[in-house]
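Residue numbers (our numbering): 14 to 183.
To keep things clear, I will list the structure first and then write my remarks on it.
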Ligand SMILES: C[S@@+](CC[C@H](N)C(=O)[O-])C[C@H]1O[C@@H](n2cnc3c(N)ncnc32)[C@H](O)[C@@H]1O
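Set out below in structure tokens:
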């Protein structure tokens, strides 16, 4: 019975992320470098990852000298990512937080792998983020899911690059 309840708690923990953005499903390893390439950040710049999962994107970016700030809502996945990213800790910060409610710091690019129903909300959220930080634009890479009504700059087999601007029509 204890094992069953423990198992159920774990399943609910992972499933509950659907209500906030997306459940834990990591970007395919072979697509991780594509995502970092598309964002095209330079060493010393900063990438935000909203729903940072096991930290594989943050780690790949850190290996190129790019700082990474991740937000992860699932405590188990968060803990795992902290361990995995320990060697690159100089470059990576991960917060156990709901990114919709976080005070996101200034950054140079954003990576997400969410779910389609959250993309419109994300678009609006990032336009507000730009206003708050007095930025005119920011590149966004989204794996698998598109922003309705906005044309991506590039689409590399489902890895979509957008330029989110403060004047985007929502
Ligand atoms: C599809 S996975 C992608 C993980 C990682 N970005 C990757 O591409 O490998 C989405 C992640 O976002 C997390 N997540 C979902 N909603 C969130 C929220 N509102 N705040 C923080 N993390 C969230 C989930 O727990 C999950 O780990």
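Positions of the beta carbon are idealized from the N, C-alpha and C atoms, including for glycine.
In this text the structure is predicted, and so the values were computed from the model without any measurement.
Taking the runs of the alpha helix (DSSP H) that are 4 residues or longer, which of them lie wholly in the stretch 43-109?
69-75 and 88-97
Using a 10 Å radius around the Cβ and a threshold of 16 neighbouring Cβ atoms, would you call residue 147 buried or exposed?
Here residue 147 refers to the residue found at position 134 of the chain shown. With fewer than 16 other Cβ atoms within 10 Å, it is exposed.
Beta-carbon contacts of residue 154 that lie in its chain and below 6 Å, excluding the five residues immediately before and after
As a position in the chain shown, residue 154 is number 141, starting the count at 1. Around residue 154: 48, 51, 52, 124 and 174.
Would residue 32 be called buried (16 or more neighbouring beta carbons within 10 Å of its own) or exposed?
Taking the chain shown and counting its residues from 1, one reaches residue 32 at position 19. Residue 32 should be labelled exposed.
Per DSSP, which residues does residue 155 bridge with? Please list them.
For the purposes of this step, residue 155 is identified with residue 142 of the chain shown, where counting begins at 1. DSSP output for residue 155 lists 125 and 173 as bridge partner(s).
Between which two residues does the alpha helix (DSSP H) containing residue 135 stretch?
Residue 135 sits at position 122 when you count from the first residue of the chain shown. Residues 132-145.
Residue closest to residue 74, alpha-carbon to alpha-carbon, out of 37, 60, 138 and 163
Here residue 74 is taken as the residue at index 61 of the chain shown, counted from 1. Residue 60 is the option with its Cα nearest to residue 74.
Considering only DSSP beta bridges, list what residue 167 is partnered with.
In the chain shown, residue 167 corresponds to position 154, counting from 1. According to DSSP, which records beta bridges pairwise, residue 167 is partnered with 174.
Residue 204: beta carbon under 8 Å from a heavy atom of ligand 1?
Shown here, the chain extends from 14 to 183; a query on residue 204 therefore has no answer.
Please tell me whether residue 84 and residue 62 are closer than 9 Å, where the distance is taken between their beta carbons.
Taking the chain shown and counting its residues from 1, the one referred to as residue 84 is at position 71. Taking the chain shown and counting its residues from 1, the one referred to as residue 62 is at position 49. The answer is yes: Cβ separation under 9 Å.
Helix, strand or coil for residue 21? Go by DSSP, reduced to three states.
Numbered from 1 along the chain shown, position 8 holds the residue referred to as residue 21. A caution first: residue 21 carries a pLDDT of 45, below 50, which makes its placement in the model too unreliable to give a value.
Am I right that residue 166 and residue 182 are in contact with their C-beta atoms under 8 Å? What's the rounded C-beta distance?
Start at 1 with the first residue of the chain shown, and residue 166 comes out as number 153. Start at 1 with the first residue of the chain shown, and residue 182 comes out as number 169. Not a contact, Cβ separation roughly 17 Å.
Taking the alpha-carbon of residue 96 as reference, which of 66, 46 and 131 has the nearest alpha-carbon?
As a working note, residue 96 is residue 83 in the chain shown. The option with the nearest alpha carbon to residue 96 is 66.
What is the C-beta distance between residue 156 and residue 132, in whole angstroms, given that I count them as a contact (C-beta under 8 Å)?
On the chain shown, position 143 is the one that residue 156 refers to. On the chain shown, position 119 is the one that residue 132 refers to. Residue 156 to residue 132, Cβ: 11 Å. No contact.
Per-residue burial, residue 21 [other beta carbons within 10 Å of its own, 16 or more giving buried]
Position 8 of the chain shown holds residue 21. Confidence at residue 21 is low in this model, with a pLDDT of 45, below 50, so the placement of that residue should be treated as unreliable; the coordinate-derived value is given next. Residue 21 counts as exposed, since fewer than 16 other beta carbons sit within 10 angstroms of its beta carbon.
How many Å lie between residue 55 and residue 89 at the Cα?
Walking along the chain shown from the start, residue 55 turns up at place 42. Walking along the chain shown from the start, residue 89 turns up at place 76. Roughly 31 Å between the two C-alpha positions.
Can you find a heavy atom of ligand 1 that lies under 8 Å from the Cβ of residue 1?
With the chain covering 14 to 183 only, the question about residue 1 has no answer from this structure.
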